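For reference, the structure is listed below as structure tokens.
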Amino acid sequence: MTQVAEDIMEISMGPQHPSTHGVFRMDVRLEGERVLRLKPVFGYLHRNHEKIAESASYLAAIPYTDRLDYLCSMTNNWGYTLAVEKLAGLAVPERAEYIRVIVAELTRLQNHAGMVGFLLQDMGASGTPLMYAFTQREKVLDLFEELSGARMMCNYMRFGGVRVDCSQQWLEATARLVGAFGGFLDEFEQLLTGNEILMARTQGVGVLPRELAINAGVTGPGLRASGVNYDLRKVDRYGVYERFQFRVPLGEHGDVFDRYMMRVLEMRESLKILEQALRDIPGGAIMDPKAKLRGLRPKVGEAYARIESPKGELGFYLISDGSPNPYRYRVRPPSLINLTVLEDMCLGQNIADVVVILGSIDIVMGEVDR
Amino acid sequence: MLGLGILKGLVETARNFLGSYIDKERLVTVQFPEERLPVAEAARNFPFLIYDGVDPEQGLRCVACQICEKECPPRCITIEKSKDKKPDFVGKQQFYPAVFDIDVSVCMSCQICVEVCPFDAIRMDNEFELSTTDRFGGLLWTKEKLARPNEHYEAIHPTEAAEVEARRAEEKAQADAKKQPSTVTQ
Numbered sequence: 209m210t211q212v213a214e215d216i217m218e219i220s221m222g223p224q225h226p227s228t229h230g231v232f233r234m235d236v237r238l239e240g241e242r243v244l245r246l247k248p249v250f251g252y253l254h255r256n257h258e259k260i261a262e263s264a265s266y267l268a269a270i271p272y273t274d275r276l277d278y279l280c281s282m283t284n285n286w287g288y289t290l291a292v293e294k295l296a297g298l299a300v301p302e303r304a305e306y307i308r309v310i311v312a313e314l315t316r317l318q319n320h321a322g323m324v325g326f327l328l329q330d331m332g333a334s335g336t337p338l339m340y341a342f343t344q345r346e347k348v349l350d351l352f353e354e355l356s357g358a359r360m361m362c363n364y365m366r367f368g369g370v371r372v373d374c375s376q377q378w379l380e381a382t383a384r385l386v387g388a389f390g391g392f393l394d395e396f397e398q399l400l401t402g403n404e405i406l407m408a409r410t411q412g413v414g415v416l417p418r419e420l421a422i423n424a425g426v427t428g429p430g431l432r433a434s435g436v437n438y439d440l441r442k443v444d445r446y447g448v449y450e451r452f453q454f455r456v457p458l459g460e461h462g463d464v465f466d467r468y469m470m471r472v473l474e475m476r477e478s479l480k481i482l483e484q485a486l487r488d489i490p491g492g493a494i495m496d497p498k499a500k501l502r503g504l505r506p507k508v509g510e511a512y513a514r515i516e517s518p519k520g521e522l523g524f525y526l527i528s529d530g531s532p533n534p535y536r537y538r539v540r541p542p543s544l545i546n547l548t549v550l551e552d553m554c555l556g557q558n559i560a561d562v563v564v565i566l567g568s569i570d571i572v573m574g575e576v577d578r
Numbered sequence: 042m043l044g045l046g047i048l049k050g051l052v053e054t055a056r057n058f059l060g061s062y063i064d065k066e067r068l069v070t071v072q073f074p075e076e077r078l079p080v081a082e083a084a085r086n087f088p089f090l091i092y093d094g095v096d097p098e099q100g101l102r103c104v105a106c107q108i109c110e111k112e113c114p115p116r117c118i119t120i121e122k123s124k125d126k127k128p129d130f131v132g133k134q135q136f137y138p139a140v141f142d143i144d145v146s147v148c149m150s151c152q153i154c155v156e157v158c159p160f161d162a163i164r165m166d167n168e169f170e171l172s173t174t175d176r177f178g179g180l181l182w183t184k185e186k187l188a189r190p191n192e193h194y195e196a197i198h199p200t201e202a203a204e205v206e207a208r209r210a211e212e213k214a215q216a217d218a219k220k221q222p223s224t225v226t227q
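Heads up: the sequence lines are chains A and B, in that order. The first sequence stops at residue 578 when you use this note's numbering, and every number in between is there. The second sequence stops at residue 227 when you use this note's numbering, and every number in between is there.
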């Protein structure tokens with residue numbers, strides 16, 4: 209803490225702060241309680257992900273992508289395998305595409321539930337909403353464990369398909385979870401949405417204007433909360449997303465409350481996609497017979513693949529020089545790019561709201577620092 | 042009315058609290074060391090080496106081809122090939138690992154060694170209470186510690202093991218048929 213001028217103070221929020229737990233710091237300049245300047249400082253969790261993937265084979269990079277956004281390992285796998293499939297020209301069987309949609313939407317459910325819980329935790333509602341959200345997240349993780357063997361570091365998708373087939377019991381268990389999840393969301397909204405304290409702390413706080421959101425390259429629920437209709441599941445229609453009926457919720461004000469509502473509404477839309485996918489899932493193979501996992505050597509070229517991860521546009525850029533490992537491997541992480549507008553959202557706000565605004569962006573430092 | 046939203050929320054909390062006395066669905070906490078949930082069949086933790094029969098030295102399926110050592114993403118496997126050979130399950134002479142170490146403090150339980158193994162020799166265990174006071178030796182698992190009987194594999198992953206057993210039985214039958222073509226034609 210330094211006194212810069214009279215009444216102006218510079219403090220370092222984090223890395224030892226309850227909302228940043230050791231991996232993130234904000235240099236904040238304050239006048240009283242008002243934020244004059246804010247610089248996000250990151251890099252505490254850097255672990256050389258891109259360079260490791262460049263020295264590893266195409267197969268060996270998949271478990272490392274799990275550890276990017278460690279809450280959504282399934283969607284990370286999908287983004288990476290999509291890039292390799294483009295590079296190597298592999299097709300994905302129908303059943304595998306449906307399984308991918310199911311696990312990706314389950315990931316979205318558990319990420320958004322957890323995010324809302326953490327947002328409320330940062331706001332001071334210690335425990336209750338977070339634990340209610342985690343009860344549901346736990347059920348999704350149980351399904352992941354049954355399917356892939358691991359709860360968080362699933363390492364489930366492969367280029368050309370998925371690693372193991374899902375059983376009929378698994379599909380039935382997923383359908384039961386999807387059926388019960390709507391009831392949980394009703395309860396959760398009853399608990400939170402009308403709450404006066406939540407509204408007072410979030411409405412009109414941390415407004416992200418539409419133009420700024422577009423110019424800064426913000427993606428995901430943060431962009432849609434500002435009223436921009438941009439969802440890669442609708443724009444790119446990767447996988448089999450064009451077969452499902454769902455809507456893209458849009459916000460009006462771009463404040464923290466809109467970003468919170470975006471998550472709740474997206475969970476409801478995810479449930480619709482899950483219901484349709486579970487109803488229509490066909491039988492058949494789960495791997496492209498041409499796919500060669502070990503010693504894959506794609507021909508010389510480059511590929512960029514992007515998906516709508518729960519946090520925004522997750523892209524993987526690969527350049528192949530014909531060797532068994534990529535010449536260049538680059539991740540476009542949604543968390544990092546959404547974090548760049550933190551200062552613009554926080555200027556003029558109270559210091560207590562900074563943590564709430566940070567929570568509403570929904571960042572995972574594993575993805576920001578890589 | 043101001044405060045109505047908070048009251049509604051409190052009703053929800055009360056419903057969850059009181060409901061936990063009658064509804065199992067709302068009582069989610071498991072008192073871990075005393076109560077235990079069943080481990081999922083697919084659950085994985087660290088690898089082990091399978092041996093057939095009773096002698097871990099003689100029955101070890103690993104032929105020290107070193108594919109897993111090369112493919113392991115964090116490079117936690119160390120293998121040294123033997124000088125001599127011993128027969129495998131179809132009677133073919135194969136090398137065996139003189140040294141097979143896995144540093145489980147480095148292993149990230151990704152299962153890639155299992156996927157690439159062409160001999161069904163390495164599989165994932167689901168044991169998870171593995172704390173040790175020995176930081177170095179205790180976490181470097183040697184061949185002797187890694188070797189587990191095939192029955193253990195059948196016990197923890199029954200569905201998968203049944204498929205593997207069927208495939209291996211077929212391979213053995215084919216190999217036997219090659220050895221004695223006269224008996225097959227009868």
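All residues carry an ideal CB built from backbone N, CA and C; glycine is no exception. In this text, all values refer to a predicted model and were calculated from it rather than measured experimentally.
Check, Outcome
"Among 368/A, 319/A, 241/A, whose alpha-carbon lies nearest the alpha-carbon of residue 266/A?", "368/A"
"Is residue 364/A helix, strand or coil by DSSP?", "coil"
"Quick one: which unbroken alpha helix (DSSP H) runs of 4-plus residues sit fully inside the region 124–174 of chain B? Chain order, please.", "153–157"
"For the region 146–168 of chain B, which residues have a beta carbon sitting closer than 9 Å to at least one beta carbon of chain A?", "149, 150, 151, 152, 153, 156, 157, 165, 167"
"Less than 8 Å between CB atoms is the rule here; does residue 79/B satisfy it with respect to chain A?", "no"
"Taking only the alpha-carbon atoms, compute the straight-line gap between residue 280/A and residue 314/A and give it to the nearest angstrom.", "9 Å"
"Tell me residue 115/B's beta-bridge partners as DSSP assigns them.", "Beta-bridge pairing links residue 115/B to no other residue."
"Quick check: what's the CA-CA separation for residue 528/A versus residue 298/A?", "15 Å"
"Considering only the beta carbon of each residue, do residue 499/A and residue 294/A sit closer than 8 Å?", "no"
"Kindly indicate which three-state DSSP category residue 181/B falls into: helix, strand or coil?", "strand"
"Within 10 Å of its beta-carbon, does residue 543/A have 16 or more other beta-carbons around it, so buried, or fewer, so exposed?", "buried"
"Consult DSSP for residue 278/A and reduce its assignment to one of helix, strand or coil.", "coil"
"Suppose you measure from the CA of residue 350/A to the CA of residue 496/A; what does that come to, to the nearest Å?", "27 Å"
"Please classify residue 203/A as buried or exposed, where buried requires at least 16 other C-beta atoms within 10 Å of its C-beta.", "The requested residue 203/A is not part of the displayed model; chain A covers only 209 to 578."
"Helix or strand or just coil, what does DSSP make of residue 444/A?", "coil"
"Determine the burial state of residue 422/A: buried for a count of at least 16 other Cβ atoms within 10 Å of its Cβ, exposed for fewer.", "exposed"
"Is it true that the CB of residue 149/B sits closer than 8 Å to the CB of residue 357/A?", "no"
"So, for residue 212/B: in the same chain, excluding its five sequence neighbours on each side, which residues have a beta-carbon less than 6 Å away from its beta-carbon?", "none"
"Determine the contact status of residue 141/B and residue 120/B, defining contact as a CB-CB distance below 8 Å.", "yes"
"Since I believe residue 539/A is in contact with residue 578/A (beta carbons under 8 Å), could you give me their beta-carbon distance rounded to a whole number of angstroms?", "6 Å"
"Rounded C-beta distance between residue 370/A and residue 307/A? I'm assuming under 8 Å.", "5 Å"
"When you compare the CB of residue 85/B with every CB in chain A, is at least one pair closer than 8 Å?", "yes"
"Leaving out the 5 sequence neighbours to the left and right, which residues in its chain are closer than 7 Å to residue 465/A when beta-carbon positions are compared?", "407, 410, 411"
"List the endpoints of the continuous beta strand (DSSP E) containing residue 521/A.", "520–528"
"List the DSSP bridge partners of residue 548/A.", "BP columns for residue 548/A are empty, so no partner."
"Which chain A residues are close to residue 49/B, counting only those with a beta carbon under 7 Å from its beta carbon?", "398, 402"
"Using a Cβ-Cβ cut-off of 8 Å, state whether residue 336/A counts as contacting chain B.", "yes"
"Within 8 Å, do at least three Cβ pairs link the region 380–396 of chain A to the region 479–489 of chain A?", "yes"
"For residue 205/B, which of 59/B, 160/B, 184/B, 183/B has the nearest alpha-carbon?", "160/B"
"Out of curiosity, what's the CA-to-CA distance linking residue 305/A and residue 531/A?", "28 Å"
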